[in-house]
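For the sequence shown, position 510 matches number 509 in numbering that gives the first Met the number 0, and the numbering has no gaps at all. Notes follow once the structure below has been shown.
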Amino acid sequence: MKTQLHFNKSIAWEKTMKEKVFIFDTTLRDGEQSPGASMNPAEKVRLATQLEKLGVDIIEAGFPAASEGDFEAVTQVAKKITNAEVAALARATVNDIDRAWKAVCHAAHPRIHTFLATSDIHMKYKLNMSREEVLESAVNAVKYAKRYTDNIEFSAEDGSRSDPDFLCKVFEAVIDAGAKTVNLPDTVGYAIPSEFGELVKYVMTHTPNIGKAVLSVHCHNDLGLATANTLAAIKAGARQAEVTINGIGERAGNTSLEEVVMTLNTRPTFAPVTTGIQTHQIYSVSRLVSLITGILVQPNKAIVGANAFAHEAGIHQDGVLKNPMTYEIMRPETIGLTATRMVMGKHSGKHALLKHLTTMGYDLSDEELRTVFKKFKALADKKKNVTDEDLEALVTQEVLRTADIYGLVYLQVTSGTTVLPMATVKLRINGVEHVGTGGGNGPIDAAYNAIAKLTGTKSKLMRFTISALTGGTDAQGEVTVRLKEDIMVALGKGADPDIITASALAYINGLNRLEYLRQNPATTTDVL
Ligand code: KIV
Ligand code: ZN
Numbered sequence: 000m001k002t003q004l005h006f007n008k009s010i011a012w013e014k015t016m017k018e019k020v021f022i023f024d025t026t027l028r029d030g031e032q033s034p035g036a037s038m039n040p041a042e043k044v045r046l047a048t049q050l051e052k053l054g055v056d057i058i059e060a061g062f063p064a065a066s067e068g069d070f071e072a073v074t075q076v077a078k079k080i081t082n083a084e085v086a087a088l089a090r091a092t093v094n095d096i097d098r099a100w101k102a103v104c105h106a107a108h109p110r111i112h113t114f115l116a117t118s119d120i121h122m123k124y125k126l127n128m129s130r131e132e133v134l135e136s137a138v139n140a141v142k143y144a145k146r147y148t149d150n151i152e153f154s155a156e157d158g159s160r161s162d163p164d165f166l167c168k169v170f171e172a173v174i175d176a177g178a179k180t181v182n183l184p185d186t187v188g189y190a191i192p193s194e195f196g197e198l199v200k201y202v203m204t205h206t207p208n209i210g211k212a213v214l215s216v217h218c219h220n221d222l223g224l225a226t227a228n229t230l231a232a233i234k235a236g237a238r239q240a241e242v243t244i245n246g247i248g249e250r251a252g253n254t255s256l257e258e259v260v261m262t263l264n265t266r267p268t269f270a271p272v273t274t275g276i277q278t279h280q281i282y283s284v285s286r287l288v289s290l291i292t293g294i295l296v297q298p299n300k301a302i303v304g305a306n307a308f309a310h311e312a313g314i315h316q317d318g319v320l321k322n323p324m325t326y327e328i329m330r331p332e333t334i335g336l337t338a339t340r341m342v343m344g345k346h347s348g349k350h351a352l353l354k355h356l357t358t359m360g361y362d363l364s365d366e367e368l369r370t371v372f373k374k375f376k377a378l379a380d381k382k383k384n385v386t387d388e389d390l391e392a393l394v395t396q397e398v399l400r401t402a403d404i405y406g407l408v409y410l411q412v413t414s415g416t417t418v419l420p421m422a423t424v425k426l427r428i429n430g431v432e433h434v435g436t437g438g439g440n441g442p443i444d445a446a447y448n449a450i451a452k453l454t455g456t457k458s459k460l461m462r463f464t465i466s467a468l469t470g471g472t473d474a475q476g477e478v479t480v481r482l483k484e485d486i487m488v489a490l491g492k493g494a495d496p497d498i499i500t501a502s503a504l505a506y507i508n509g510l511n512r513l514e515y516l517r518q519n520p521a522t523t524t525d526v527l
């Protein structure tokens, strides 16, 4: 007992000695820049609500000057989120900063995040500006943002490839102008951990007023080093990490939130820091991001991949059964992954479903609950045990897709070894029902041809993947498609115990996302 008390005391002591690393989540902004990952405002609000529960300190909701859709999404997220800060991105221009503020001003804790490149290569070829001009524009942008809020972050884009002395000069000037956070991005994922740690130390020691601001880092994963670089930076003194869930983001992605947080938790002596992340929420947020964006998590992805806690080798399984610590450095429960994810069945009532969805983090209106309950009953009739994964897919499909143009009313297919595959599909298009038929070389091809005829889509199917949501032959099939039309790329997802229906739902979801992109063209995201 004495030892235990002593142990608890030493943990408490250690906690008070630890500094906080602010977790700045940019899944809704840089994450959304993953090819095909665009999210509509309702999806962004849903995800932001989960990110707040996860305990992130800052949610970067979008880039309001980029498109009307982004402006609307940032506005809605700002209105919804009460505890976390909400940031809006802006280039260092008056128009961008005005737009950012107009969208984010509704937040309880708004932040303007303005950026300008500081590397010679970006200044010369992209901006066509001299160092003096960049310095002046950065300072002017921060001063201009200050008329709206004191909570200003300045990012030196391509910071890792900038002249360190010029970088420090810019940071010093923008801090004097009022920036409370200065961010050092490894925009092109070029940094190496040892070098990046040294650069952070250099900035800490050569920026005279750095004590008045938080030094942040923002790494991309082009060489697979984003997490390692972020951790090296934290060890060297950075106190804000810019991250995304599942590491999604531009090109090879951004630093993954779960990897940084779980490293700091699992190796507490690595750096004297702590985060406010509720780790048991990690798994469900990871699933939600995958469901909303349609980007699958690779099975061997650290922390949240399907195999991250799966032990295949007999010798490992034996060891884990005797003592999990033989082969497990983290317990799956820590990230909210329990062996017995709660199971619901056809006898579960509406109240039990509501209670369960609430514990899973869903906050549904009465009407949404009615819709989900109806679908849940239909699913429970086909499938004995309805798991959390099934419910997640169901809620995402039924609740987050209410504003869709196309909806599946019914689907009927004939196929087999002796008949030509044929499909009859009824779609609701802008509220009006239409029926069409199609043939193909298989039932999915037939259904897709029928849907393509009804919608008149010109999109091309670039990728089609199918997997089982859970184990067992009654598992729901989960289908992901990637559609391309001109320069637009959209991902679509669908889940159903019938894989033809799941395929049709995924295709229709992808077509709805293409429609959303058509109506909300991103006008300026190509500058990033
Ligand atoms: O990668 C980058 O440099 C960015 C900045 C806008 C912070 O995303
Ligand atoms: Zn970035």
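Note that the Cβ used here is the ideal one computed from N, Cα and C, for glycine as well. Quantities reported herein were computed from a predicted structural model and do not represent experimental measurements.
| field | Rounded C-alpha distance that separates residue 133 from residue 84 | value | Position 134 of the sequence shown, counted from the start, is the residue given in the question as residue 133. Position 85 of the sequence shown, counted from the start, is the residue given in the question as residue 84. Approximately 28 Å, taken between the alpha carbons.
| request: Compare the beta carbon distance of residue 294 and residue 36 with 8 Å and say whether it is the shorter of the two. | output: As a position in the sequence shown, residue 294 is number 295, starting the count at 1. As a position in the sequence shown, residue 36 is number 37, starting the count at 1. Contact flag set, yes.
| said: My parser needs the alpha helix (DSSP H) runs of 4 or more residues fully inside the stretch 157-214; what are they? | reply: Complete alpha helix (DSSP H) runs here, min 4: 163-176, 192-205.
| query | Which partner residues does residue 487 have in the DSSP bridge list? | reply | Here the question's residue 487 lines up with position 488 in the sequence shown. Note: residue 487 sits in a beta bridge opposite 484.
| said: I'd like to know if the stretch 358-370 and the stretch 455-466 are in contact, where contact means that at least 3 CB-CB pairs between them fall below 8 Å. | reply: no
| request: Examine the ligand ZN and report whether any of its heavy atoms sits within less than 7 Å of the Cβ of residue 121. | output: Sequence index remark: in the sequence shown, residue 121 carries index 122 (1-based). Not under cutoff, so the answer is no.
| field | Option in 426, 411, 392 with minimal Cα separation from residue 494 | value | Your numbering for residue 494 matches position 495 in the sequence shown. If we check each option's Cα against that of residue 494, 392 comes out closest.
| field | Segment contact, 8 Å Cβ cut-off, at least three pairs: the stretch 87-100 with the stretch 50-58 | value | no
| said: With H, G and I counted as helix, E and B as strand and the rest as coil, what does DSSP make of residue 24? | reply: Within the sequence shown, residue 24 is the residue found at index 25, counting from 1. Three-state DSSP puts residue 24 in a strand.
| field | Secondary structure of residue 326, DSSP reduced to three states | value | Residue mapping note: residue 326 aligns to position 327 of the sequence shown, counting from 1. In this structure, residue 326 counts as coil in the three-state DSSP scheme.
| When every heavy atom of the ligand KIV is checked, does at least one fall within less than 7 Å of the C-beta of residue 166? | Taking the first residue of the sequence shown as position 1, residue 166 is located at position 167. Result no, Cβ not under 7 Å from the ligand KIV.
| request: Assign residue 339 to buried or exposed, taking buried as 16 or more other Cβ atoms, counted over all protein chains shown, within 10 Å of its Cβ. | output: Numbered from 1 along the sequence shown, position 340 holds the residue referred to as residue 339. Unreliable placement is indicated for residue 339, whose pLDDT of 46 sits below 50; the coordinate value is still reported in the next sentence. Classification for residue 339: exposed.
| request: Compute the Euclidean distance between the alpha carbons of residue 491 and residue 457, then round it to the nearest angstrom. | output: Residue numbering aside, residue 491 sits at position 492 when the sequence shown is read from its first letter. Residue numbering aside, residue 457 sits at position 458 when the sequence shown is read from its first letter. If I take the Cα positions, the gap works out to 16 Å.
| Sorted by chain position, which residues of the same chain lie with C-beta nearer than 6 Å to residue 141's C-beta, five sequence neighbours on each side aside? | Working through the sequence shown from its first residue, we reach residue 141 at position 142. Excluding sequence neighbours, residue 141 sits near 151, 153, 173, 176, 177, 178.
| task | Using beta-carbon positions only, say whether residue 291 and residue 395 come within less than 8 Å of one another. | result | Stepping through the sequence shown from its first residue, residue 291 is reached at position 292. Stepping through the sequence shown from its first residue, residue 395 is reached at position 396. For residue 291 and residue 395, yes; Cβs fall inside 8 Å.
| Can you give the Cα-Cα distance for residue 440 and residue 327, rounded to whole angstroms? | Here residue 440 refers to the residue found at position 441 of the sequence shown. Here residue 327 refers to the residue found at position 328 of the sequence shown. When rounded, the distance between both Cα atoms is 47 Å.
| task | Determine the extent of the alpha helix (DSSP H) in which residue 408 is found, giving its start and end residues. | result | Working through the sequence shown from its first residue, we reach residue 408 at position 409. Per DSSP, residue 408 belongs to no alpha helix (DSSP H); it is in the beta strand (DSSP E), 405-413.
| said: Quick check: what's the CA-CA separation for residue 136 versus residue 284? | reply: Here residue 136 refers to the residue found at position 137 when the sequence shown is read from its first residue. Here residue 284 refers to the residue found at position 285 when the sequence shown is read from its first residue. One C-alpha to the other measures close to 38 Å.
| task | From the DSSP output, in three-state form, read off residue 79 for me. | result | Along the sequence shown, one-based indexing puts residue 79 at 80. If DSSP states are grouped into helix, strand and coil, residue 79 belongs with the helices.
| For residue 217, the three-state DSSP class (helix, strand or coil) | Position 218 of the sequence shown, counted from the start, is the residue given in the question as residue 217. If DSSP states are grouped into helix, strand and coil, residue 217 belongs with the strands.
| field | Limits of the unbroken alpha helix (DSSP H) element including residue 398 | value | Sequence index remark: in the sequence shown, residue 398 carries index 399 (1-based). Per DSSP, residue 398 belongs to the alpha helix (DSSP H) from 387-398.
| query | Measuring from the CB of residue 253, is there a heavy atom of the ligand ZN at a distance below 7 Å? | reply | By one-based count along the sequence shown, residue 253 stands at place 254. Checking the Cβ of residue 253 against the ligand ZN gives yes.
| message | Is residue 186 close to the ligand ZN? I mean its beta-carbon at under 7 Å from any heavy atom of the ligand. | response | Counting from 1 along the sequence shown, the entry for residue 186 is found at position 187. Yes.
| query | Taking just the CA atoms, how far does residue 428 sit from residue 454? | reply | The residue given as residue 454 occupies position 455 in the sequence shown. The residue given as residue 428 occupies position 429 in the sequence shown. Taking the straight line from one Cα to the other gives about 8 Å.
| said: the ligand KIV and residue 114: does the residue's C-beta get closer than 7 Å to at least one heavy atom of that ligand? | reply: Counting from 1 along the sequence shown, the entry for residue 114 is found at position 115. Yes, the Cβ of residue 114 comes within 7 Å of a heavy atom of the ligand KIV.
| task | Following the continuous beta strand (DSSP E) through residue 423, name the residue where it begins and the one where it ends. | result | Position 424 of the sequence shown, counted from the start, is the residue given in the question as residue 423. First-last of the beta strand (DSSP E) with residue 423: 421-428.
| So which of 262, 240, 379, 75 has the shortest CA-CA distance to residue 253? | Taking the sequence shown and counting its residues from 1, one reaches residue 253 at position 254. Of the listed residues, the one whose Cα sits closest to residue 253 is 240.
| message | Report the start-end ranges of each alpha helix (DSSP H) in the stretch 263-332 that is 4 residues or longer and not cut off at the edges. | response | Within the stretch 263-332, the complete alpha helix (DSSP H) runs of at least 4 residues are 281-292, 313-321.
| Does the Cβ of residue 124 have 16 or more other Cβ atoms within 10 Å, making it buried, or fewer, making it exposed? | Start at 1 with the first residue of the sequence shown, and residue 124 comes out as number 125. Its Cβ having fewer than 16 others within 10 Å, residue 124 is exposed.
| field | Unbroken beta strand (DSSP E) run spanning residue 463, endpoints | value | Taking the sequence shown and counting its residues from 1, one reaches residue 463 at position 464. Unbroken beta strand (DSSP E) run through residue 463: 459-467.
| said: Just to check my reading of the structure: residue 398 and residue 426 have Cβ atoms closer than 8 Å, yes? What is that Cβ distance to the nearest angstrom? | reply: As a first step, residue 398 is located in the sequence shown; it is residue number 399 there, counting from the start. As a first step, residue 426 is located in the sequence shown; it is residue number 427 there, counting from the start. About 20 Å separates the two Cβ atoms, so there is no contact after all.
| message | Quick check on this structure: which residue in 201, 77, 512, 477 has the alpha carbon closest to the alpha carbon of residue 502? | response | For the purposes of this step, residue 502 is taken as the residue at position 503 of the sequence shown. If we check each option's Cα against that of residue 502, 477 comes out closest.
| task | Could you tell me whether any non-hydrogen atom of the ligand ZN is closer than 7 Å to the CB of residue 217? | result | Position 218 of the sequence shown, counted from the first residue, corresponds to residue 217. Yes, the beta carbon of residue 217 sits closer than 7 Å to at least one heavy atom of the ligand ZN.
| query | Alpha carbon to alpha carbon, what distance is there between residue 165 and residue 91? | reply | The sequence position of residue 91 within the sequence shown is 92, counting from 1. The sequence position of residue 165 within the sequence shown is 166, counting from 1. C-alpha separation (whole angstroms): 18 Å.
| query | Taking just the CA atoms, how far does residue 486 sit from residue 519? | reply | If you number the sequence shown from 1, residue 519 lands on position 520. If you number the sequence shown from 1, residue 486 lands on position 487. Between residue 519 and residue 486, the C-alpha separation is close to 13 Å.
| task | Give the straight-line distance between the Cα atoms of residue 301 and residue 278, rounded to the nearest whole angstrom. | result | As a first step, residue 301 must be located in the sequence shown, where it is residue number 302. As a first step, residue 278 must be located in the sequence shown, where it is residue number 279. In a straight line, the C-alpha of residue 301 is about 14 Å away from that of residue 278.
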